[in-house]
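Heads up: the sequence lines are chains A and B, in that order.
The opening residue of the first sequence carries number 1 in this note's numbering; numbering runs sequentially from there.
The opening residue of the second sequence carries number 91 in this note's numbering; numbering runs sequentially from there.
Heads up: the structure comes next, in structure tokens.
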Amino acid sequence: MLTLAVIIAPSTHGNLNILLVSQLLPISLFSLSANNELNHMPSPPEMEIFFSNKHEQYIPKGTKGIFRIFGANVSQNAAVLNLYFEYLPS
Amino acid sequence: MNRYSQAQGLEFEVDWKLPDSGAGIITHVAWSPWFDLPKPNSSKSANRTSILAASRMDGSVHLGLIAHSSTAGAQKIQFSAMRELLPPQRISIAKLVWIRRKDGLILAIARNGMLTLSIHSSRGPEPLASQLITCRHNNFSPVAGSVPIQDIC
């Protein structure tokens, strides 16, 4: 699915966290270390739950639909994630 | 082309001719934050640089260097270099995002199922030179569902 948002935020360990959000709201998380090692990380459970709830809220079982994400940003301390999206039933 | 007036500030306009591959449609552009170039001790001018990244429909990614220099009473903006960062590929670009890090800039390039980072040092003499890292990730499909793949970073 099309990647719609790339959100980059520093982590507490000096790494950069890179979050990819795709059209049906699955997410992928990467971590880039200070010496440029890139690793695919397990997604934080709270984030999985958040996106899973959004998916169930807007795409009822047995129906199809997609999300269009128009913009995303993250606060300086990576504590707040803002997403502006639209649900499109098909 | 540079134009300058006291009332309107500096205005910059340039034609950027990407290599002709028959698929010239630009799909995404992203400006990096401005950063200082290392300068010789003898230089009295202040030089700031930004990198413009552009992707085309054919999946290629290109970089252009925009330099802003200022000396006493004079300012100049020029398009000073360009390079093809990634050649044409079957999968087109979905997102281009720049982020500043203390030792330089990083361009995140997202394709379907793949993330590439272009890591640029602000200390080196060539701002367009970069280290490339690519990592594949779970390729979620509404038809096939979530298909686990082995991570390749």
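Even for Gly, the Cβ is constructed at its ideal location relative to N, Cα and C.
- In the same chain as Ile141 of chain B, and ignoring 5 residues on each side of it, the C-beta atoms closer than 8 Å to its own belong to Trp121, Ser122, Leu153, Gly154, Leu155, Ile156, Trp188, Leu195, Leu197, His210, Pro217 and Leu218, in chain order.
- Interface residue (Cβ-Cβ distance to chain B less than 9 Å): Ile49 of chain A is not classified as such.
- If one requires a minimum length of 4 residues, the alpha helix (DSSP H) runs lying completely within the stretch 25 to 60 of chain A are 45 to 58, in chain order.
- If you ignore the 5 residues before and after Lys185 of chain B, its C-beta comes within less than 6 Å of the C-beta of Ala200, all in its own chain and listed in chain order.
- Counted as a single uninterrupted DSSP element, the stretch harbouring Glu216 of chain B is not any beta strand (DSSP E), since DSSP gives it neither H nor E.
- Put simply, the backbone Cα of Trp124 of chain B is about 6 Å away from that of Arg138 of chain B.
- Collapsing the DSSP output to three states places Ser150 of chain B in coil.
- Judged by DSSP secondary structure, Asn17 of chain A falls within the beta strand (DSSP E) whose first and last residues are Leu16 to Ser22.
- Residue nearest to Leu25 of chain A within the set A:Glu56, A:Gly62 and A:Ser75 is A:Glu56 (criterion: CA-CA distance).
- The contact set of Ile223 of chain B on chain A, defined by CB atoms closer than 9 Å, consists of Leu32, Asn36, Glu37 and Leu38 in chain order.
- In the DSSP assignment, the residues bridged to Arg190 of chain B are B:Leu195.
- Across the structure, Glu86 of chain A and Met47 of chain A are spaced so that their CA atoms are roughly 19 Å apart.
- Put simply, the CB of Ser28 of chain A is near chain B, with a gap under 9 Å to one of its CB atoms.
- In the displayed model, Ile181 of chain B falls within coil according to three-state DSSP, outside both helix and strand.
- Listed as beta-bridge partners of Ala157 of chain B by DSSP are B:Thr139 and B:Gln168.
- Only residues of its own chain outside the window of five on either side were considered, and among them Gln23 and Leu88 have a CB closer than 6 Å to the CB of Ile66 of chain A, listed in chain order.
- For Glu103 of chain B, there is no enclosing beta strand (DSSP E), as DSSP marks it with neither H nor E.
- Residue environment: Phe70 of chain A is assigned as exposed (fewer than 16 neighbouring CB atoms within 10 Å of its CB, all protein chains considered).
- Where Thr206 of chain B is concerned, the enclosing beta strand (DSSP E) starts and stops at Met204 to Ser211.
- Under the DSSP definition of a beta bridge, Val6 of chain A partners with A:Leu20.
- Beta-bridge pairing by DSSP links Leu83 of chain A to A:Ala72.
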